[in-house]
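> In full-length UniProt numbering, the protein residues as written are 1 to 194.
(1) Which of the three DSSP states, helix, strand or coil, is assigned to residue 19?
(2) Using alpha carbons as the reference points, say which of 67, 71 and 60 lies closest to residue 77.
(3) Determine the burial state of residue 94: buried for a count of at least 16 other Cβ atoms within 10 Å of its Cβ, exposed for fewer.
(4) Counting Cβ pairs, one atom from each stretch, are 3 or more of them under 8 Å apart for the region 128 to 148 and the region 157 to 165?
(5) Just tell me which of 144, 146, 149 and 139 has its CA closest to the CA of residue 108.
(6) Go ahead and pull the three-state DSSP assignment for residue 84.
(7) Measure the alpha-carbon distance for residue 195 versus residue 113 and round it to whole angstroms.
(8) Ignoring anything shorter than 3 residues, give me the beta strand (DSSP E) runs that lie fully in the region 131 to 177, in order along the chain.
(9) When the Cα of residue 159 is compared with those of 125, 106 and 137, which residue comes out closest?
(10) What is the rounded straight-line gap between the Cα of residue 5 and the Cα of residue 20?
(11) With the cut-off set at 7 Å, would you say residue 157 and residue 174 are in Cβ contact?
(12) Are the CB atoms of residue 143 and residue 119 nearer to each other than 7 Å?
(13) Comparing alpha-carbon positions, which option in 48, 111, 67 and 75 lies nearest residue 32?
(14) Note down the Cα distance separating residue 176 from residue 35, rounded to an integer number of angstroms.
(15) Since residue 111 is in the beta strand (DSSP E), which residue starts that stretch and which ends it?
(16) Let me check understanding here. Comparing Cα to Cα, which of 8, 73 and 100 lies closest to residue 52?
(17) Where residue 57 and residue 101 are concerned, what is the direct C-alpha to C-alpha distance, given to the nearest angstrom?
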């Protein structure tokens, strides 16, 4: 077993599991300082405020198997003693862990074509959508959706994360974006006028 650390490494974190779900697993043991989702690896890193909280969580979950949304997750000490973020990264939002008005949406199990119009129809009931950018990445089809207000983005993320656009397919994995639109001049996007 690795040396105790304030940072807990969580494995088997499926795309249906949100940051809030993981916080419910570890917060009973103490305050959480940072949480980083590693979506492409199905993993997460959680830094507790103090070492004793981390030790308590790991000890507890060696006797009880934690399950989140029907999926067993596995906790262990991370080799990192502290999580650091590189705030100087080009295009990164320094408030990356905080909810903001831009959502990063990944569509899983895509059986039907996804268009800007479909995304606008799905997200606009939660508030005014200013811009939508779509692109293909290794994780699959993705979109950046910018709302007029932070509150609208929070409501949309809370209501739509893990939901399907169509029956049995096109599942939405929603995170708060680490990027801002001005950093994407090479992508075409649609701007919606008020």
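Yeah, the Cβ is synthetic: ideal placement off N, Cα and C, and Gly gets one too.
In brief:
(1) Position 19 of the chain shown, counted from the start, is the residue given in the question as residue 19. Residue 19: helix per DSSP, three-state reduction.
(2) For the purposes of this step, residue 77 is taken as residue 77 along the chain shown, with counting starting at 1. Among 67, 71 and 60, the Cα nearest to that of residue 77 belongs to 60.
(3) Here residue 94 is taken as the residue at index 94 of the chain shown, counted from 1. For residue 94, the predicted model reports a pLDDT of 39, less than 50, meaning its position is unreliable and no value from the coordinates is stated.
(4) no
(5) What you label residue 108 is simply residue 108 of the chain shown in a count that begins at 1. For the residues 144, 146, 149 and 139, the minimum Cα distance to residue 108 belongs to 139.
(6) Residue 84 sits at position 84 when you count from the first residue of the chain shown. Three-state result, residue 84: coil.
(7) Outside the displayed span of the chain (1 to 194) sits residue 195, for which this structure offers no information.
(8) 140 to 147, 164 to 166 and 169 to 176
(9) Taking the chain shown and counting its residues from 1, the one referred to as residue 159 is at position 159. The candidate whose alpha carbon is nearest that of residue 159 is 125.
(10) Position 5 of the chain shown, counting from 1, holds the residue named residue 5. Position 20 of the chain shown, counting from 1, holds the residue named residue 20. In a straight line, the C-alpha of residue 5 is about 22 Å away from that of residue 20.
(11) Locating residue 157 in the chain shown gives position 157, counting from the first residue. Locating residue 174 in the chain shown gives position 174, counting from the first residue. Taking 7 Å as the Cβ cut-off, residue 157 and residue 174 qualify as a contacting pair.
(12) Your numbering for residue 143 matches position 143 in the chain shown. Your numbering for residue 119 matches position 119 in the chain shown. Yes; because the gap between Cβ atoms is below 7 Å, this pair is in contact.
(13) Here residue 32 refers to the residue found at position 32 when the chain shown is read from its first residue. Of the candidates 48, 111, 67 and 75, the one whose C-alpha sits nearest the C-alpha of residue 32 is 48.
(14) Within the chain shown, numbered from 1, the residue matching residue 176 stands at position 176. Within the chain shown, numbered from 1, the residue matching residue 35 stands at position 35. About 13 Å.
(15) Your numbering for residue 111 matches position 111 in the chain shown. Neither: residue 111 is in no beta strand (DSSP E) and is coded neither H nor E.
(16) Here residue 52 refers to the residue found at position 52 of the chain shown. Considering only alpha carbons, the answer is 8.
(17) For the purposes of this step, residue 57 is identified with residue 57 of the chain shown, where counting begins at 1. For the purposes of this step, residue 101 is identified with residue 101 of the chain shown, where counting begins at 1. In a straight line, the C-alpha of residue 57 is about 33 Å away from that of residue 101.
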